[in-house]
Structures are given as C-alpha cells and as structure tokens.
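Following: one structure in structure tokens, then a few remarks.
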Amino acid sequence: MAFEGTLFGVEPPLSDIVKHFYVIQSGGDAATTVAHLSPNYEMMLLFNFGAPVRFSVAAAPLGSMQVEKVAVLGPLRKMLNYELLPGANLLVVVFNLDGFYRLYQVPVDELNGEELHYPDDMQELWEVLKRCTSSVERVAILKDYISTTAHAAEKGAEPLLNGADYFNDPLIQPAKAIAADAELSERTVQLRFKKYVGYSPKEMLRFLRFKQVISSIENNTAASIDWFDLIHDFGYHDQSHLIKDFQYYLGTSPETFIKQIAGKEFCTTKPGKRY
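If you want our numbering, it's the 1-based position in the sequence shown plus 47.
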C-alpha cells in the first residue's frame with residue numbers, strides 16, 4: 048500500500064460529537080495512489096498539510112475538486128475517490144450524527160454532499176495545526192477546539208438521537224417509532240433528520256442495507272459471489288434493484304466493483320455507536 052492510515056479514537060463526552068479522527072500519510076518517495084472510500088452518510092472536516100488532494104464521487108473522474116488546506120465534505124452519499132500524491136498528509140474529522148451541526152450550526156440539508164465546501168473560519172486553526180510536529184499533537188488540539196467550541200445538542204435533536212437504535216431493527220419503522228416515542232408527527236421527524244444530519248430516515252435505511260451488502264462481499268471467502276443470495280438475504284426485489292443501488296452509491300455495476308475496486312484501495316469507515 049502506498050499510504051498509511053491511522054485512526055484516533057474519541058472518548059465521552061466528545062464522542063457524542065466526533066466519531067473519530069483519521070490521518071492519511073504517504074512518504075515522499077511513494078507512488079501516486081487513487082483510493083476509494085465507501086459511502087457512509089457522515090460529515091467530514093478535512094485538514095490537508097501536504098500536496099493538494101483531488102477528489103471525485105462515484106464514477107466521476109478526478110478533476111478540479113481539491114483540498115489545499117481545509118474543506119468540509121458530506122453527507123457522503125456516494126463513493127469518494129481521492130488522489131494521494133507523494134508526501135500526502137491529510138487529517139480527517141469524522142462527525143457523529145448531529146455533531147457537525149453542533150459545531151457549525153448550519154442545517155446539514157443545505158449542503159451538497161457531492162461538493163467540497165471551504166469554511167473561512169478554519170484558516171487560522173489550520174495555521175496552528177500546520178506548525179505541529181506530529182499527528183498526535185494535531186488531534187489533541189482539535190479535540191480541545193471542538194470540545195470548547197461546539198454547542199450543546201438542541202432539544203429538537205434529542206428524539207432522533209434517543210431513537211437511533213431503531214435503525215438496527217428490521218421489524219421497526221424508525222420514523223414512526225421515534226414519532227410515537229416523542230409524541231411528534233412523522234413529518235416533523237423527517238424534517239428534523241434533514242436539518243441535523245442531512246438525510247431522511249428512509250435514505251438511511253436504504254444505505255444501511257447496501258452497507259450490509261458491501262460488508263458481505265468484503266467478508267466473502269468463496270471463489271465467486273452468489274448475487275441471488277445477496278438479493279434474497281438483504282431484501283432486494285430482484286437483480287435490477289440491487290444493480291440500481293450499486294449505480295447510485297458507487298457509480299458502477301456489481302461485477303465491475305468486484306473486478307476493479309473491491310480489495311484495491313477501497314476502504315469502509317469504522318462502525319459507529321449506532322450503525
């Protein structure tokens with residue numbers, strides 16, 4: 048592998064805001080590498096201390112979308128492609144559910160998850176982090192910054208956070224269950240989801256099913272994939288239904304994913320507390 052990734056965990060109470068920190072680095076003599084990150088529906092804050100990193104989503108070619116210093120990305124609905132040049136040094140803050148909203152107070156559904164956004168208020172912090180001599184020091188500074196800057200969770204988000212475990216039960220309709228628990232309308236629950244996390248409960252359920260498909264493929268030890276078993280096991284209507292999700296999330300067909308992407312610099316994020 049031409050690059051090295053290091054994960055930094057987070058302890059409570061910061062873990063309610065940040066899922067983890069992730070550092071990607073490559074040596075000065077490393078080969079240029081194009082890597083892929085599976086969709087995860089999470090918000091990410093990117094700090095780049097090396098050569099500019101170019102990005103694209105799904106099947107789009109790498110182009111002008113790049114991070115030179117600081118950028119925001121998400122919710123990541125589609126596979127992310129990124130180019131790591133020699134001397135790459137990227138630090139990623141991965142947020143939990145309403146964590147990004149708590150830091151920025153920006154409704155997440157106002158952001159386009161297929162574009163990079165460049166926050167002006169992070170330039171001074173980037174300068175401070177740039178002067179650090181190690182990733183450990185940078186992560187420590189970011190932990191302190193986010194802990195002291197982020198707002199408390201809003202009361203409107205509490206029913207969503209309390210009911211997040213409903214998404215792990217296939218026999219429950221999460222939006223309906225959360226609405227009943229909190230004595231809210233389903234419409235209110237839908238709108239609050241979009242405000243705090245940028246997507247609807249229905250979108251999350253669709254994604255979680257596809258995430259299980261990808262996990263099953265990654266863990267498969269057989270000589271070939273039985274696609275009809277996947278269709279049956281994960282509740283797809285038919286083969287075209289499964290292909291549609293591959294096209295939506297990855298921009299490619301199941302067969303092309305197996306031959307050209309799976310196991311070849313393709314990463315999935317660490318599971319969170321709730322999904």
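Backbone N, C-alpha and C fix where the C-beta goes; we use that ideal spot for every residue, glycine too. No experiment lies behind these values; they were computed from the predicted model shown.
Checklist entry - So the beta strand (DSSP E) lysine 405 belongs to, where does it begin and stop? => result Residue numbering for the chain in the displayed model covers 48 to 322; residue 405 lies beyond these limits and cannot be assessed.
Next on the checklist: Let's see if you can read the secondary structure: which residues bound the alpha helix (DSSP H) around glycine 146?
Outcome noted: By 1-based counting over the sequence shown, the position of residue 146 is 99. Segment 146 to 151, the alpha helix (DSSP H) holding glycine 146.
Item to check | For arginine 178, three-class secondary structure by DSSP | outcome: The residue labelled residue 178 in the question sits at position 131 within the sequence shown. In the structure shown, arginine 178 sits in coil (DSSP, three-state: anything other than H, G, I, E or B).
Item to check | Buried/exposed call for glutamate 89, threshold 16 Cβ in 10 Å | outcome: Taking the sequence shown and counting its residues from 1, one reaches residue 89 at position 42. Label assigned to glutamate 89: buried.
Next on the checklist: Going by DSSP, what residue range makes up the beta strand (DSSP E) through histidine 83?
Outcome noted: Position 36 of the sequence shown, counting from 1, holds the residue named residue 83. Start and end: 80 to 84.
Checklist entry - Who does arginine 234 pair with in a DSSP beta bridge? => result Here the question's residue 234 lines up with position 187 in the sequence shown. Paired residues: none, contrary to the question.
Checklist entry - Could you give the uninterrupted runs of the alpha helix (DSSP H) lying entirely in the stretch 203 to 279, keeping only those of 4 residues or more? => result 205 to 209, 221 to 229, 233 to 243 and 248 to 266
Item to check | Helix, strand or coil at threonine 299 [DSSP, three-state] | outcome: Start at 1 with the first residue of the sequence shown, and residue 299 comes out as number 252. The answer is coil: DSSP assigns threonine 299 none of H, G, I, E or B.
Checklist entry - Can you tell me whether DSSP reads histidine 164 as helix, strand or coil? => result In the sequence shown, the residue the question calls residue 164 occupies position 117. In the structure shown, histidine 164 sits in a strand (DSSP, three-state: E or B).
Checklist entry - With alanine 105 and methionine 126 assumed to form a contact (beta carbons below 8 Å), what rounded beta-carbon distance in angstroms separates them? => result Locating residue 105 in the sequence shown gives position 58, counting from the first residue. Locating residue 126 in the sequence shown gives position 79, counting from the first residue. Yes, alanine 105 and methionine 126 are in contact; Cβ-Cβ is about 6 Å, under 8 Å.
Checklist entry - Under a Cβ-count criterion, where at least 16 other Cβ atoms within 10 Å of its own Cβ denotes burial, should arginine 124 be classed as buried or exposed? => result Counting from 1 along the sequence shown, the entry for residue 124 is found at position 77. So arginine 124 ends up on the buried side.
Item to check | alanine 118 burial status per 10 Å Cβ neighbour count (16 or more: buried) | outcome: Taking the first residue of the sequence shown as 1, we reach residue 118 at position 71. The residue is buried, with at least 16 neighbouring Cβ atoms inside 10 Å.
Checklist entry - Anyone know if the C-beta pair for proline 248 and alanine 229 falls short of 8 Å? => result The residue you call residue 248 lines up with position 201 of the sequence shown. The residue you call residue 229 lines up with position 182 of the sequence shown. Not in contact: proline 248 and alanine 229 (Cβ atoms no closer than 8 Å).
Checklist entry - Roughly how many whole angstroms lie between the Cα atoms of methionine 48 and glutamate 312? => result Here residue 48 corresponds to residue number 1 of the sequence shown, with the count starting at 1. Here residue 312 corresponds to residue number 265 of the sequence shown, with the count starting at 1. Here methionine 48 scores only 49 on pLDDT, less than 50, and its place in the model should not be relied on; the value that follows carries that caveat. So the alpha carbons of these two residues sit roughly 8 Å apart.
Item to check | DSSP three-state assignment for tyrosine 283, whether helix, strand or coil | outcome: The count along the sequence shown starts at 1 and reaches residue 283 at position 236. DSSP places tyrosine 283 in coil when its eight states are reduced to three.
Checklist entry - So glutamate 51 is in the beta strand (DSSP E); what residue range does that whole segment cover? => result On the sequence shown, position 4 is the one that residue 51 refers to. Where glutamate 51 is concerned, the enclosing beta strand (DSSP E) stretches over 51 to 55.
Checklist entry - In the DSSP assignment, what are the bridge partners of arginine 101? => result Locating residue 101 in the sequence shown gives position 54, counting from the first residue. According to DSSP, which records beta bridges pairwise, arginine 101 is partnered with Gln113 and Glu130.
Checklist entry - Run through DSSP, which three-state label would phenylalanine 293 get? => result Against the sequence shown, residue 293 aligns to sequence position 246. In the structure shown, phenylalanine 293 sits in a helix (DSSP, three-state: H, G or I).
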